[in-house]
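Trainee: Here's a structure for you.
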Amino acid sequence: MPGKALLSLGLLPVHALATQLEPNVKMSNADLTDLGENFDKVKNGYVDFLPLDDKGWPFIVLEAKSENKAPLVGKEQAREYAISFYLKYVILSNGNQHYFWNIYKGTVYYGFP
Numbered sequence: 013m014p015g016k017a018l019l020s021l022g023l024l025p026v027h028a029l030a031t032q033l034e035p036n037v038k039m040s041n042a043d044l045t046d047l048g049e050n051f052d053k054v055k056n057g058y059v060d061f062l063p064l065d066d067k068g069w070p071f072i073v074l075e076a077k078s079e080n081k082a083p084l085v086g087k088e089q090a091r092e093y094a095i096s097f098y099l100k101y102v103i104l105s106n107g108n109q110h111y112f113w114n115i116y117k118g119t120v121y122y123g124f125p
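Taking the working numbering, the leading residue of the sequence shown gets 13, the next gets one more, and so forth.
What follows is the structure, given as structure tokens:
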């Protein structure tokens, strides 16, 4: 299940952020509320995971697929999400395979060091 692998990276799904923050997050629920009700909403749905930087701003899109799907299946969907948030980095994952992608350079790296 990709959720276990992604949670082990210290990430929570965006929809979980409104009710529960990771223990080390320096952002309060009030700060999250200030971002707006649907800050993770994009034109065609919601981003799976939207990690925030230390200032509380999104810095990368993480598109999660089920284990039985190739992560690259979500490439175009993730590109649209990244563009809508003015981001250039995407992680595509099915919990077992992970790709890091700079959408503007077109460089896709398989796995992580």
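Glycine residues also receive a C-beta, built at the ideal position from the N, C-alpha and C atoms.
From a predicted model like this one, the values you see are computed outputs, not experimental measurements.
#1: Can you tell me whether residue 121 is helix, strand or coil according to DSSP?
#2: Specify the secondary structure class of residue 114 as computed by DSSP and reduced to three states.
#3: Please report whether the beta-carbon of residue 87 lies at a distance below 7 Å from any beta-carbon of chain C.
#4: What does DSSP give as the partner residues of residue 61 in its beta bridges?
#5: Return the first residue and the last residue of the alpha helix (DSSP H) that residue 93 is part of.
#6: At which residues does the beta strand (DSSP E) containing residue 104 begin and terminate?
Mentor: Quick look at the numbers:
#1: Assigned with DSSP and collapsed to three states, residue 121 falls in strand.
#2: For residue 114, the three-state secondary structure derived from DSSP is strand.
#3: Looking for chain C here will not work: only one protein chain is present.
#4: According to DSSP, residue 61 bridges with 74.
#5: Start and end: 87–96.
#6: Counting along the chain, the beta strand (DSSP E) containing residue 104 begins and ends at 101–105.
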